[in-house]
Every structure is written in C-alpha cells, then in structure tokens.
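K.L.:
Quick mapping for you: the protein sequence lines, in order, are chains A and B. Sequential numbering from 2 applies to the first sequence in the numbering used here. Sequential numbering from 2 applies to the second sequence in the numbering used here. Yeah, the Cβ is synthetic: ideal placement off N, Cα and C, and Gly gets one too. These figures come from a predicted structure and were not determined experimentally.
There are 2 protein chains.
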Amino acid sequence: MDFDTSAELFKALADPNRLKVLKLLVSPPANSCAGPGSVCACDLEGELGLAQPTVSHHMKLLVRAGLVTATKRGKWTEYTLNPQGFEQACELLGALQQPDSNAAPCPPKTLQGVAS
Amino acid sequence: MDFDTSAELFKALADPNRLKVLKLLVSPPANSCAGPGSVCACDLEGELGLAQPTVSHHMKLLVRAGLVTATKRGKWTEYTLNPQGFEQACELLGALQQPDSNAAPCPPKTLQGVAS
DNA sequence: CTCAGACATTGACATCAATCAATCTGAGAC
DNA sequence: GTCTCAGATTGATTGATGTCAATGTCTGAG
Chain A
2 MDFDTSAELF KALADPNRLK VLKLLVSPPA NSCAGPGSVC ACDLEGELGL
52 AQPTVSHHMK LLVRAGLVTA TKRGKWTEYT LNPQGFEQAC ELLGALQQPD
102 SNAAPCPPKT LQGVAS
Chain B
2 MDFDTSAELF KALADPNRLK VLKLLVSPPA NSCAGPGSVC ACDLEGELGL
52 AQPTVSHHMK LLVRAGLVTA TKRGKWTEYT LNPQGFEQAC ELLGALQQPD
102 SNAAPCPPKT LQGVAS
C-alpha cells in the first residue's frame with residue numbers, strides 16, 4: 002500500500018469546493034451550456050462562485066487524482082465523473098481496515114457512470 | 002450533504018503519516034508497549050519516526066475526525082480504529098456518486114435527507 | 001488571416017497544515 | 001508529599017494550498 006499516492010487521492014477529496022464539483026458532475030444544472038448531462042468549466046464557475054483560474058486549478062487536481070475525466074469537445078471541455086477513481090478510494094478505505102494490505106472494498110460496486 | 006464537514010473527514014485521511022497510523026492500528030507491532038492488539042503513542046512515535054508532539058497532533062486529528070478512538074489506560078493512551086468513521090467515509094463516497102444528495106453507499110443503508 | 005470565446009498557465013499573496021523544541025498536565029511509583 | 005514518565009499544549013518555522021489578476025493558448029467563426 003502506497004501511503005503517499007493514497008494520501009494524494011484523499012487530498013483531492015479534502016476540499017469543499019471540489020466535493021461540490023463532484024456533486025455537480027452527477028447532478029448537472031439544467032442550464033448547462035454544454036447541454037444536459039454535461040458540465041463544462043463555465044458552468045462550474047457560476048455554480049461555485051469562484052474565479053475561472055481557481056476552477057481550472059481544482060479540475061486539474063480532480064483529473065490528476067483520477068476522480069474526473071476531461072474531454073475536449075470543440076471550444077468547451079466536458080467533465081465527467083470517473084467511477085474508477087471512486088472505486089479506488091473505496092478500496093483504500095477497505096484496505097485500511099484489513100490486517101492484510103489489500104482487501105475487498107465496501108460492496109460489489111457497479112456504478113452507473115454518467116448516463117446521458 | 003455538508004461539504005465542509007465531509008471535506009474535514011477526507012482531510013484526516015489526506016496525509017501519509019496518518020494513513021500509516023491507521024494501518025498500524027490494524028496491524029500493531031509485536032513489541033507494543035501497551036500489549037498485543039493495542040497501540041500507544043510511544044509505539045507510533047517509533048514506527049513513524051516522528052517527534053512526540055507531531056504524533057500527538059496527528060492522533061488528535063484522527064480522533065476528531067471519528068476515525069480513531071482514544072482510551073486512557075493508566076499512564077498510557079490506547080488507540081483503536083473506529084469503524085464508524087470508515088463507514089461514514091464510505092457513505093460519503095457513495096453519496097458523491099448518486100444523483101440524490103444522500104444515497105445508499107457501500108453498506109446497505111437507507112438514508113433520506115435534504116437535497117442541497 | 002483576424003477576432004472572440006473557453007480554458008490553461010503564471011505569478012503573487014494569504015491562509016492553512018506539518019513539524020519540532022520547550023513546556024505543561026496528570027497518573028503511577030516512591 | 002516528591003519524582004518520573006506518557007502524552008497533550010504552546011509557539012515558532014517552514015512548506016503546501018486556495019485564491020485571483022493578468023496573460024497565454026487553442027479552437028471555431030467570420
């Protein structure tokens with residue numbers, strides 16, 4: 002178990018604004034400029050009340066942590082949740098409670114990605 | 002869903018040394034001064050290679066986050082994992098992936114609440 | 001090619017967090 | 001009572017992080 006990279010993953014989750022972002026990616030606002038089911042950076046800027054560079058910074062961290070996927074669609078960047086990142090976090094939580102380093106995570110998880 | 006308190010919980014997990022502590026609490030070193038199955042602060046100090054006040058600081062955070070329970074046993078303080086804290090973290094991970102604000106996470110849980 | 005819009009990057013600043021030396025507290029041993 | 005030890009608290013320092021203004025880059029429209 003790599004404590005440093007594990008800590009990095011949890012660090013990505015350790016900010017209220019980033020948690021809001023993740024929540025917005027599951028329940029996108031109705032008036033999303035990238036269309037329903039999708040969220041672009043400008044949406045997040047409005048919803049979070051943060052400046053554009055700040056949003057960009059947070060998204061970079063979330064993508065690097067593997068929690069979010071960024072896809073360039075023309076002028077916009079479309080962000081979607083990455084279930085694998087959550088699965089990994091859940092596995093880590095399970096592993097922390099097991100005497101053996103690696104362990105089964107919470108439940109058998111089958112996540113509905115972001116169905117649009 | 003309270004993003005601030007949720008972030009606090011993940012923040013407690015967002016440090017390599019604290020993750021090591023949690024791992025040590027599941028698999029205590031054989032030569033624990035508090036006896037097998039228990040871990041006291043002096044054990045952690047040796048295992049982590051950190052100064053005593055630093056260990057005390059980390060343990061305070063873990064206890065405050067609900068991940069660890071501290072019990073005074075005479076001169077020593079015995080630390081044990083608190084499964085409820087892990088359960089809550091797991092629930093948060095699940096809730097973040099569900100369109101509804103509060104949702105059934107890892108353990109089978111029926112929880113209804115307010116949408117933010 | 002030129003322009004405008006969407007993000008990313010950079011730089012600067014303020015705040016937070018990790019660390020340790022020094023000190024304090026509280027419990028057992030004497 | 002005093003002494004000693006475990007660990008908590010305080011204060012200071014250093015590095016990490018969140019934030020925004022200014023600027024850069026890339027894409028589509030004209």
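So S28(B) and P30(A) are supposed to be a Cβ contact under 8 Å. How far apart are they, rounded?
P.N.:
With a Cβ gap of about 46 Å, S28(B) and P30(A) do not count as contacting.
K.L.:
Shorter than 7 Å from the beta carbon of C41(B) to some beta carbon of chain A?
P.N.:
By this cut-off, C41(B) is not an interface position.
K.L.:
Excluding the 5 residues preceding and the 5 following T72(B) in the sequence, name in chain order all residues of the same chain whose CB lies nearer than 6 Å to its CB.
P.N.:
Excluding residues within five positions, the ones whose Cβ falls inside 6 Å are E79.
K.L.:
What in chain B is Cβ-close to V69(A), meaning under 9 Å?
P.N.:
Within 9 Å Cβ-Cβ: nothing; V69(A) doesn't reach chain B, min ~11 Å.
K.L.:
Okay, do the segment 36 to 56 of chain A and the segment 52 to 69 of chain B touch, 3+ Cβ pairs below 8 Å being the bar?
P.N.:
Too few Cβ pairs lie closer than 8 Å, so no.
K.L.:
Taking only heavy atoms of the ligand FAD into account, decide whether any of them is closer than 6 Å to the Cβ of S39(A).
P.N.:
Ligands are entirely absent from the displayed structure, and the ligand FAD is therefore not among its contents.
K.L.:
Check whether chain B comes within 7 Å of S57(A), counting only Cβ atoms and requiring the distance to be less than that.
P.N.:
So, not an interface residue.
K.L.:
Going residue by residue through the segment 8 to 52 of chain A, where are the continuous alpha helix (DSSP H) segments of at least 4 residues, counting only ones entirely within it?
P.N.:
For the segment 8 to 52 of chain A, whole alpha helix (DSSP H) runs of length 4 or above, ordered along the chain, are 17 to 27, 42 to 49.
K.L.:
Which ranges does the beta strand (DSSP E) cover as unbroken runs of at least 3 residues, wholly within the segment 51 to 81 of chain A, from first to last along the chain?
P.N.:
With a minimum length of 3 residues, the continuous beta strand (DSSP E) runs that stay inside the segment 51 to 81 of chain A are 69 to 74.
K.L.:
With a threshold of 16 other CB atoms inside 10 Å of the CB of A8(B), please say whether the residue is buried or exposed.
P.N.:
A8(B) should be labelled buried.
K.L.:
Just verifying my parser: in three-state terms, what is the DSSP assignment at Q89(A)?
P.N.:
Residue state, collapsed to three classes: helix.
K.L.:
Does the CB of K76(B) have a neighbour CB from chain A at under 7 Å?
P.N.:
No, K76(B) lies away from the interface with chain A (no Cβ there is under 7 Å from its Cβ).
K.L.:
Buried or exposed: which applies to D5(B), given that a residue is buried once 16 or more other Cβ atoms fall within 10 Å of its Cβ?
P.N.:
It counts as exposed.
K.L.:
If the cut is a Cβ gap below 7 Å, which residues of chain A does A179(B) touch?
P.N.:
Since the first residue shown for chain B is 2 and the last is 117, residue 179(B) is missing from the structure and cannot be characterised.
K.L.:
Would you please verify whether the beta carbon of Q98(A) is less than 7 Å from any beta carbon of chain B?
P.N.:
Taking Cβ atoms only, chain B reaches closer than 7 Å to Q98(A), which makes this a yes.
K.L.:
What are the residues in the segment 16 to 27 of chain B lying within 7 Å of chain A by C-beta distance?
P.N.:
If the cut-off is 7 Å between Cβ atoms, the segment 16 to 27 of chain B has D16, P17, L20, K21, L23, K24, V27 near chain A.
K.L.:
Quick one: does R14(A) have its CB under 7 Å from some CB of chain B?
P.N.:
In the sequence under discussion, the amino acid at residue 14(A) is Leu, which differs from the Arg named in the question. Answer yes: the Cβ-Cβ gap between L14(A) and chain B drops below 7 Å somewhere.
K.L.:
Give me, in chain order, the residues of the same chain whose beta-carbon lies closer than 6 Å to that of L10(A); leave out the 5 immediate sequence neighbours on both sides.
P.N.:
Cβ within range, chain order: A66, A90.
K.L.:
With DSSP collapsed to three states, give me the class of D5(B).
P.N.:
D5(B): helix per DSSP, three-state reduction.
K.L.:
Is the CB of D121(A) under 7 Å away from at least one CB in chain B?
P.N.:
Any question about residue 121(A) goes unanswered here, given that chain A covers just 2 to 117.
K.L.:
Taking the straight line between their C-alpha atoms, what separation do you get for K21(B) and G50(A)?
P.N.:
Approximately 36 Å, taken between the alpha carbons.
K.L.:
Could you tell me whether the Cβ of A8(A) comes closer than 7 Å to any Cβ of chain B?
P.N.:
Yes, A8(A) lies at the interface with chain B (some Cβ there is under 7 Å from its Cβ).
K.L.:
Going by beta-carbon coordinates alone, are L68(A) and A13(A) separated by less than 7 Å?
P.N.:
Yes.
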